[in-house]
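Trainee:
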Amino acid sequence: MKLQRRTFLASVSAASAVMAAPPVLGQARPRVVVIGGGSGGGTVARYIAKDSDGAVDVTLIEPTKRYYTCYFSNLYLGGFWGYDALGHGYEGIAAAGVNVVHDWAIGVDRDARTVTLASGASVPYDKLVVAPGIDFVDNAVPGWDVTKQSLMPHAYKSGTQVQLLKNQIENMRDGGTFCMVAPPNPYRCPPGPGERVSMVAHMLSESNPTAKILVVDPKENFSKQALFEEGWAKHYPGMVTRIGPDFGGANVEVRPDAMEVVIDGQVEKVDVCNVIPAQKAGKIAELAGLTNDAGWAPVTPSDMRSTMDENVFVLGDAAQQGAMPKSGFSANSQAKVVANVVRGELTGSRIFPARYSNTCWSLIATDDGVKVGASYEAGENQIESVSSFISQTGEEADLRRQTYEESIGWYNGIVADIFG
Amino acid sequence: MKGQFLSISLCIGALLAPTSAFAQAIAIGDAEAGADVYRRECASCHQIGEGATHRIGPHLNHIFDRGAASHDDFRYSGALERQGRDGLTWDLRRLHAYIENPRALVSGTRMSYRGLKDEERRSDLIAYLRVFSDQPQNIPEAAPTALRPEIELSPEILAIVGDVEYGEYLSQECATCHQRSGANEGIPGIVGWPEEDFVVAMHAYKEKLRPHEVMQTIAARLGEEEIAALAAYFAELDE
Ligand SMILES: Cc1cc2nc3c(=O)[nH]c(=O)nc-3n(C[C@H](O)[C@H](O)[C@H](O)COP(=O)(O)OP(=O)(O)OC[C@H]3O[C@@H](n4cnc5c(N)ncnc54)[C@H](O)[C@@H]3O)c2cc1C
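Here the protein sequences come in this chain order: W and Y.
Residue numbers for the first sequence follow numbering that gives the first Met the number 0, so the first one is 0 and each next one is one higher.
Residue numbers for the second sequence follow numbering that gives the first Met the number 0, so the first one is 0 and each next one is one higher.
#1: Is the separation between the beta-carbon of L79 of chain Y and that of F131 of chain Y shorter than 8 Å?
#2: How big is the Cα-Cα spacing for I189 of chain Y and S180 of chain Y?
#3: Assuming L104 of chain Y contacts Y97 of chain Y (C-beta within less than 8 Å), just tell me the rounded distance between them.
#4: Please return the same chain residues whose Cβ sits closer than 8 Å to the Cβ of Y235 of chain Y, not counting the five positions on each side in sequence.
#5: Apart from the five residues on each side of it in sequence, which residues of its chain come closer than 7 Å, Cβ to Cβ, to T299 of chain W?
#6: For G264 of chain W, which residues in the same chain have their Cβ closer than 8 Å to its Cβ, ignoring the five residues on either side in sequence?
#7: Restricting to Cα atoms, I'd like to know which of Y:Y168, Y:A68 and Y:L87 is closest to S348 of chain W.
#8: Where does the unbroken alpha helix (DSSP H) through D108 of chain W begin, and where does it stop?
#9: Kindly list, in the order they appear in chain W, the residues whose Cβ is closer than 7 Å to that of E242 of chain Y.
#10: Does the separation of the CB atoms of S361 of chain W and G193 of chain W fall below 8 Å?
#11: In three-state DSSP terms, what is K156 of chain W?
#12: Classify Q401 of chain W as helix, strand or coil using the three-state DSSP reduction.
#13: Take S72 of chain W as the anchor and find which of W:C272, W:S157 and W:S374 has the nearest alpha-carbon.
#14: Along the chain, where does the beta strand (DSSP E) that runs through Y37 of chain Y open and close?
#15: Going by alpha carbons, who is nearest to M258 of chain W out of W:I382, W:S329 and W:Q167?
#16: Can R187 of chain W be considered in contact with ligand 1, in the sense that its beta carbon sits closer than 7 Å to one or more heavy atoms?
#17: By the 10 Å Cβ neighbour count, where 16 or more other Cβ atoms means buried, how is T146 of chain W classified, buried or exposed?
#18: Report the option in W:I275, W:S206, W:Q319 and W:K223 whose CA atom is closest to the CA atom of N380 of chain W.
#19: With a Cβ-Cβ cutoff of 8 Å, do G39 of chain W and A330 of chain W count as a contact?
#20: Output needed for E169 of chain W: all residues of its chain with C-beta closer than 6 Å, excluding positions within five of it in sequence on either side, in chain order.
#21: At what residue ranges does the segment 67-102 of chain Y contain a whole run of the alpha helix (DSSP H), taking only runs of 4 or more?
#22: When you measure from the CB of R109 of chain W to every non-hydrogen atom of ligand 1, does any distance come out below 7 Å?
#23: Can you tell me whether N184 of chain W is buried or exposed, with buried defined as 16 or more other CB within 10 angstroms of its CB?
#24: Rounded to whole angstroms, what's the CA-CA distance from V199 of chain Y to L229 of chain Y? Just pull it up for me.
#25: Would you call the segment 279-294 of chain W in contact with the segment 125-142 of chain W, where contact means no fewer than 3 C-beta pairs closer than 8 Å?
#26: Please confirm whether any heavy atom of ligand 1 lies closer than 7 Å to the CB of D125 of chain W.
#27: Using a Cβ-Cβ cut-off of less than 9 Å, give me the residues of the segment 175-196 of chain Y that come near chain W, in sequence order.
#28: Return the first residue and the last residue of the beta strand (DSSP E) that R129 of chain Y is part of.
#29: Got a sec? Which residues, its chain only, sit under 8 Å from R112 of chain W by beta carbon, not counting five neighbours each side?
#30: Let me know the secondary structure DSSP gives C173 of chain Y once reduced to three states.
#31: Measuring straight from C-alpha to C-alpha, what distance separates E61 of chain W and H153 of chain W?
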């Protein structure tokens, strides 16, 4: 079947409301619409607006009024970071000249070059940037779907889920079991589940030291594995058990109402269960006809342009670009490349070759931080890693503390860079 | 003394595994001449020898192969402490680099000393410092890779006029960690530096003379033009 270019949701395809046309200054200003005001979308909107000095009309569509970062949400679980400190408003992005519209995008008509909002409005664009993050694959973990997320939280998207999870762990019975169902590749933030296990272990070792952590993981190995396993043995001896695919970790079903996890046919009773399902690009990317069979939106490595439409760019977690991990850092890095290209194409400003990079820090215990990072460049078919580094096992405590302090510097740096 | 320390010169080109552009002979120098350099250049702030104590700067006994900023009873700058934690050790190469231009190796150092450019006098001075370290004769042999001299940038590199607009684009990579406001919250601020110091610092990361894997990885793919562009752009931003 050929890809359908018209991808409205049926219920709103009749909507005819059109947003106020942009001011016409001799010639109308070129219009950029950004869907999703997270790490990628927030950055691209602000950079295009601030660097084009009003020459480009930028609209950012984002349903929530405050963005709560997933990064450092594990530190919130561990008691190292406040919930409020995870939240960031859109004032700084608006102050850069971006028209921030708090609504959902529910359809994209790529022929007419318009985006339809839940309110019924239709927003025209010359260039569209799609950065909706992730959604969960239906039925990835049998027994679980989003209607069960208050019984078995995922806490893997921005917002209140992580508060719920923290609350459940705090109220767990003495000696109870916290279970994590880890996702298969690819998923956002490769070291995220390992960091979460560390932070939950930290929390439990203080308040509920006889509690156990059970990790059910479909993957042979996981990001920063040696560092995490060394840290768990050192700081939380005997607390963490991981069941990999060789012991049935890939064959798991959950029963949220009974608080049971079935691993390879074996029923385990658990007290708190964090289900992190398999992931795909945020729904709107699929509705816009930008995704492939794998559920992700393929892009050209040199500029994150959708391979399906030259006027559309996809960045951040939703994109299938190659070697970069799905992280806030990556999304922010890709956004700068897109901002440079979009601005260049619309205003004639200079376009420079793409440069991508990423570093992901994780906290294992108090003052015990580790990191992994790399530089990337555009290869012929995908983004490729050019050089990389990772923290080593057995590092001095001082270095680990410094790494943790750097991660705080990075957090403050990236949110200032995204939200202004 | 003279006979003992005079002209222990090594041709280190042969010791370095891959022939590096930086490979060149280092003369260990004349400790007696170095004593004089020390009195003129360093003694106002540092003590050395039996009974030496910390003054404006820490005492310099046993400085060779010591970790930077490793005297617990001396208050160092955050910058030197950070590099000490990163693994900066006072071997021959680092001492040369630090004494030649303290800010180029440790930009935020509190040692307000303009630097000693004359390589021969520096070698003499270092030979003198070695007298007060354990087994000083072992030092170059124990760490042959440490014998690369400090980063020496050609006048052509320092003369490159940075393309500020390109620098602004390149700086976006940096802004994920280094705030444009110049704030220093776990990651140092880098705005408003003299361009030359910035260029030297970035080349020092590129050559892995300065420790820190994140910065070494970032600098590794920056060319001379790009470093100049960044230096020009960041120099213009004020805190
Ligand atoms: C526990 C955890 C820890 C993490 N730690 C780190 C870390 O330490 N470092 C790091 O770099 N990354 C980390 N990440 C990953 C990081 O959060 C994501 O990779 C990053 O947020 C991706 O950015 P994005 O812009 O693609 O998506 P998001 O930041 O998720 O933004 C997507 C936005 O789009 C909006 N949206 C979705 N659909 C629509 C629609 N139809 N219309 C309008 N708006 C829409 C959403 O509301 C959301 O605000 C972590 C993630 C988790 C879960």
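Positions of the beta carbon are idealized from the N, C-alpha and C atoms, including for glycine.
Mentor: Reading from the atomic positions:
#1: no
#2: 9 Å
#3: 5 Å
#4: Contrary to the premise, residue 235 of chain Y reads as Glu rather than Tyr in this sequence. Hits under 8 Å: V163.
#5: T306
#6: G247 and N250
#7: Y:Y168
#8: Here D108 of chain W belongs to no alpha helix (DSSP H); instead the beta strand (DSSP E) covers A104 to D108.
#9: Lying outside 0 to 238, the shown extent of chain Y, residue 242 of chain Y is not represented and no answer is given.
#10: yes
#11: coil
#12: helix
#13: W:S157
#14: No beta strand (DSSP E) contains Y37 of chain Y, which is instead part of the alpha helix (DSSP H) from A30 to E40.
#15: W:Q167
#16: yes
#17: exposed
#18: W:Q319
#19: yes
#20: none
#21: 77-85 and 91-99
#22: no
#23: exposed
#24: 12 Å
#25: yes
#26: no
#27: T175, C176, H177, Q178, R179, S180, A182, N183, E184, G185, I186 and P187
#28: Looking at the DSSP string, R129 of chain Y is not in any beta strand (DSSP E); the run it does join, the alpha helix (DSSP H), is E118 to V130.
#29: P123, Y124, D125, L127 and N310
#30: helix
#31: 21 Å
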